[in-house]
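Each remark here refers to the structure printed beneath this line.
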Amino acid sequence: MTLRIPCPNCGPRPHTEFSFGGQERPHTADDAEADFARVFLPDNDPGSARERWFHALGCRTWFELARDATTNRIG
Amino acid sequence: MTSGSLRFEGRDIPVREGDTVASALFRAGVRTFSRSLKSRRRRGLYCGTGECPNCMVTVDDVPGVRSCVTPAGSGMRVERGRGWPSTEHDLLHVTDLMHPLMPVGFYMKTFVRPRFAWPVAERVIRRATGSGPLPERREPTRTTSRHLHADTIVVGAGTSGLSAALEAAGAGEHVVMCDAYPVGSQVPPGRLLEAIRALETRARAEPAIEMLERHAALGLYDGPTVALASADELVQVHPRRVVLATGAIEMHEAFPGNDLPGVWLGRAASLMAAKHGSPVGKRVVAVASTEEGLEHLRALAGSGTNVIAAVVPAALVDEVPASAEAIADGELVSAHGPGRIRSVMVRERGQARRLRCDALVLSIGLEPRDELARMAPDEPVEIVGDAALGGAVPRVTGGTLCLCEDVSAHDAEQAWAEGFRSAEILKRYTTATMGPCRGAMCGRALAAFASARSGQADRAAAARTTARPPSRPVALETLAASVHEVIEKRTSLHQTHLAAGAELGWSGGWKRPFSYGNWREEYTAVRERAGLMDVGTLGKFLIAGRDATILADRIFPGRVADLAPGRSRYVLALDEAGYVADDGVLSAFEDGSHLLTSTSGGAEGMDARLREWTHRLGLHVHLLDRTSELGAILVAGPRARDLLHPLSDDPLDGDSLPYAGHGEVTVAGVTCTAIRTGFVGELGFELHHPRSRGPELWSALMRAGRAFDARPFGLDALELLRLEKGHLYMGQDALPDDTPVKLGLDRAVDMTKEWFVGKAALERLATTPLGRRLTGLTFDEGPEDAAVLRGMPVSAGGEIVGRVTSAAASPALGRSIGFAWIRTVDGELPADGLRAGEARATIAPTPFYDPGGERLRG
Amino acid sequence: MAELSTSQPVVTAVLASSEACARVSALPGACPVSPVEVAIVGDASITALRQAVQRLDPDAVVRDVSDGWVAHMLEGPGAREAFARLSELELPASGFVQGAVARIGVRVLVDGDRVELLVPSMLAAHLRARIEDECRELLP
């Protein structure tokens, strides 16, 4: 009874099999202020955003997808 | 034909075959089935199909049972709910007279002050409302949960549903059909029931159709998934296609007197008369605007009910049975009591007429049951049959709008006047649609009210409040089916510990020994002789592949690139905010691979972290979670080597296996990776071995240790041992937003490295003074023995400046010690004047015990 | 009805490049865990396998990890029905699937009326207890 996440290896699965990794973001930034924004200030815009997910109870791989947080539509 | 009797408030009521609890009680003369929630008005049978709350009684100690759809069973115990001293004669009915003093939402405004009165008011209110008390003691019924995959699910086993299922099965699909009730049980005898039975026979003969009766659809979810609940199971159906054939219920309108006992919806009256053989009254007025209504009218007349008048559209006047007076295009204005219906007011050709009667039967429109479709608009749902109809628009002219929550039309007017001007906000303020019917009966009326008042009567349908699961009330024990047990991890020494009399408890998702009977003796054994501890719960990970060292270098803030084969090093794991997420020990091997250990509770997170950074940095690394595969036993104490000597031919001296080193040793015939660690502050060997050989290794070690009374030790002893050694517990001493500097762990950080996870955050934080710091403390508890406990505040000059995170009386130091985080002033800790609870606290460097680490090395 | 039995499986982990893993996936008993990991359930001559894999990926890791796994087998006409009480996963007629079973990550090998659940050994006792409880009516 859940949001379905399409794992690239295993196919669509209930979100309870996954851990959510937050918004996709680069792992570095230009300076201290940019790094603070990178870590603590995600864009949080309504509409589609790229996210990172981890298939914790399945293949245990990380992947990215686009999800619209207002409609929950993926892709 | 009688089949036994049920017990109702001190008397035996005969039960006939096919009876529901309601029909048995009705036949025995019961007319008031419940009292309304707030005003305690009498309520009689109304919908007959399990939608409204009026017929709710307590059956066999379970309150809130809808008697109109519950088959009567011999020996059942039935009681009505609200009412003092009884439902029949409820003195608290006086609250109805106090209605002007209790406007909508009054409870949110009235009982706020004086605050001391609230507990009293709450008790009184609780006793006065609610469906009835819950039983003190009741064995939970066993509910199972299962998943079901199918091509199509058809919700609703009426004619449309059965037809859709047969069509799908004919096309080769595997079809699941469900209905909240047994097929056809909601339909009075007649043409419709015959049609259903014919389709039912074919459907039951079809092997591709799986029929789930008495399974109510609670909700439609992403997937799609449909959740069904029956009395003893929860079924989650995962179809490719959803067909909703949930039908329509007869419309509920709000007009003055609409909730009087004796006001019936057509289906209820027709079922009672034609199916159960009880006429609903001696002088019945019917209002029928639908085809179905005329059917009910015919059924009533046909079963011998005296219908004195029928209000119908002019075009259908000829359909009215001859015995009744046909009133063409009349308008039902109001129903009048007192206590039960005694007359109705009808407007005919502009003239008001009063008709004396003892029952009013209404079939004035249909309200499609479409809430499932509205729950998940993105899912592939097909709506067939009556559920696909537009639905009539109910009038709201007075009376009760929401039966379940006892919200009157007047309440809605008042709420509107107060400024609550949409169906959604009216719902929240008045609680209309929030009762057991889930808005099935009153949702449209509420939306119609809001639309009409806002001058947008045409948008009534669009104004409906959001449909959310469950669409019918469901017991928590049904939802909890199969979700009973906490997930428990065990090492291979579990039975060994039990046999040794260990007291096991929860720690980090594992069942672990806290002690084996006397933790103080265990502590002493480790300090003076030797102890054994099962540390198989540690996270253990193989990091291999050509970028293994690069990954380690980037993930851990400390220097690891120069970790030589055969050496081990304490490492921290930071998150991108620079906070300490976990710690562990990294050991390097000849072939370039590493073995990483982490805390027991942090294992899954560490595995996820290793994989995350391998992925994000695009590194060529092979990761293997060995947490289950390897057991680990810690042999610690000044005589640890003496214990191991007889069991191993391998050299275990300080040169061959130095502190912070590791090597492969065979102990009692078991090949182990031995890591020299110092968590407890004594000479220690952490023996990592294949899980299956744990019990034999432990037995051999215990036998060898008997010579000098070595003891197994658990988490209680460990707590003190590690505290004396100044070691932090993640999650206890380290909080989720502690950086290495705050914890005094800067030695595990090398800021000269080019990049590591969290480095930028640490650089940024280094420019501001620390707000707080974790520090070791010793305590003078004084002769009053004011014991310092974990969680106690730390104060300076009467002001709270921190909190104790760990504390214990240390035998080795002869005083109490602990950790606390303490607020800094300009980055510095207060020099003196600290107190922890009643005791004086002094900042002390750690480790408290053996600060030079001599007992660890060698 | 279904029979529940527990055994110690032989499991070999192959961690290698996606090309090597794709080749290994064709072997009997091979379960493709991820593009870069294959688990071989059942006897496998590790030395030969390691040589073959390392020819394609010199960096590859091929290890016996049997100690890390326990197999619970449900067998009989009620095996799939029992599984449906424990998991939302849709089982193929035969093959390998991995996902949540009784809320833990499990590797499932299925063939007709035989459903084999490979669970990390630290969770084996827990899963066994869950199966016995949830599937009570279906087990002897």
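Residue numbers (my numbering), protein chains in the order written: chain S, 5 to 79; chain Y, 455 to 1312; chain U, 56 to 195. Even for Gly, the Cβ is constructed at its ideal location relative to N, Cα and C.
- In this structure, the beta-carbon distance from E533 (chain Y) to E463 (chain Y) falls below 7 Å.
- Counting only unbroken stretches of 4 or more residues, the alpha helix (DSSP H) elements lying wholly within the segment 914-998 of chain Y are 930-933, 948-953 and 973-982, in sequence order.
- Taking 7 Å as the cut-off between beta carbons, the residues of the segment 168-181 of chain U near chain Y are P175, S176, M177, L178, A180 and H181, in sequence order.
- Residue contact with chain U for L61 (chain S): present (Cβ-Cβ distance below 7 Å to some residue of chain U).
- At least 7 Å separates the CB of F22 (chain S) from every CB of chain Y.
- The alpha-carbon separation between V163 (chain U) and L1228 (chain Y) amounts to approximately 47 Å.
- At a Cβ-Cβ threshold of 7 Å, T932 (chain Y) and A671 (chain Y) do not count as neighbours.
- In this structure, the CA atom of H543 (chain Y) is about 10 Å from the CA atom of R494 (chain Y).
- At a cut-off of 7 Å between beta-carbon atoms, T75 (chain S) makes no contact with chain U.
- Under the DSSP definition of a beta bridge, L1078 (chain Y) partners with Y:L996.
- A straight line joining the alpha-carbon of G624 (chain Y) with that of P642 (chain Y) spans about 29 Å.
- Chain-order list of chain S residues neighbouring E802 (chain Y): empty, with the shortest C-beta distance near 52 Å, by a criterion of under 7 Å.
- With respect to P1194 (chain Y), V1203 (chain Y) sits close: the two C-beta atoms are nearer than 7 Å.
- By the C-beta criterion, the segment 970-987 of chain Y is judged not to be in contact with the segment 1062-1069 of chain Y, since fewer than 3 inter-stretch pairs fall below 8 Å.
- Within chain S, the residues C63 have their CB atoms less than 7 Å from the CB of V88 (chain U), given in chain order.
- Around the C-beta of I9 (chain S), 16 or more other C-beta atoms lie within 10 Å, and the residue is accordingly described as buried.
- Cβ contact annotation for E654 (chain Y) (same chain, cutoff 7 Å, sequence separation greater than five): L616, V637 and G638, in chain order.
- Under DSSP, L1088 (chain Y) takes part in a beta bridge, and its partners are Y:M987 and Y:E1140.
- By alpha-carbon distance to V689 (chain Y), the top candidate from Y:V574, Y:C632 and Y:T744 is Y:C632.
- Per the Cβ contact rule, the segment 1035-1053 of chain Y is in contact with the segment 1125-1140 of chain Y (3 or more Cβ pairs under 8 Å).
- Neighbours of K994 (chain Y) in chain U, taken as residues at a C-beta separation under 7 Å, are lacking, since the least C-beta distance is about 10 Å.
- The Cβ atoms of Y970 (chain Y) and G959 (chain Y) lie no closer than 7 Å to each other.
- The shortest C-alpha to C-alpha distance from A137 (chain U) to any of Y:M556, Y:M1246, Y:A1057 and Y:S599 is the one to Y:S599.
- For L70 (chain U), the neighbours in chain Y by C-beta distance under 8 Å run, in chain order, A998, G999, H1076, L1077 and L1078.
- Per DSSP, reduced to three states, the secondary structure at A41 (chain S) is helical.
- In terms of Cα proximity to R892 (chain Y), the closest of Y:T1296, Y:L826, Y:S876 and Y:E773 is Y:L826.
- In this structure, E1136 (chain Y) keeps its C-beta atom at 7 Å or more from the C-beta atom of G1108 (chain Y).
- For R118 (chain U), the enclosing beta strand (DSSP E) starts and ends at V116 to D119.
- Residue-level contact check: N13 (chain S) touches chain U, since one or more beta carbons of chain U fall below 7 Å from its beta carbon.
- Residue-level contact check: G160 (chain U) does not touch chain Y, since none of the beta carbons of chain Y fall below 7 Å from its beta carbon.
- In this structure, V800 (chain Y) keeps its C-beta atom at 7 Å or more from the C-beta atom of G819 (chain Y).
- Segment contact: the segment 500-513 of chain Y against the segment 721-734 of chain Y, three or more CB-CB distances shorter than 8 Å; contact assigned.
- Within chain U, the residues whose beta carbon sits less than 9 Å from that of S1146 (chain Y) are Q63, S121, D122 and S176, listed in sequence order.
- The alpha-carbon of T744 (chain Y) is positioned some 36 Å away from that of D605 (chain Y).
- In this model, V1025 (chain Y) and V516 (chain Y) are separated by some 57 Å (Cα to Cα).
- Taking K492 (chain Y) as the centre and dropping the five residues before and after it, the same chain places the C-beta of D860 closer than 6 Å to its C-beta, in chain order.
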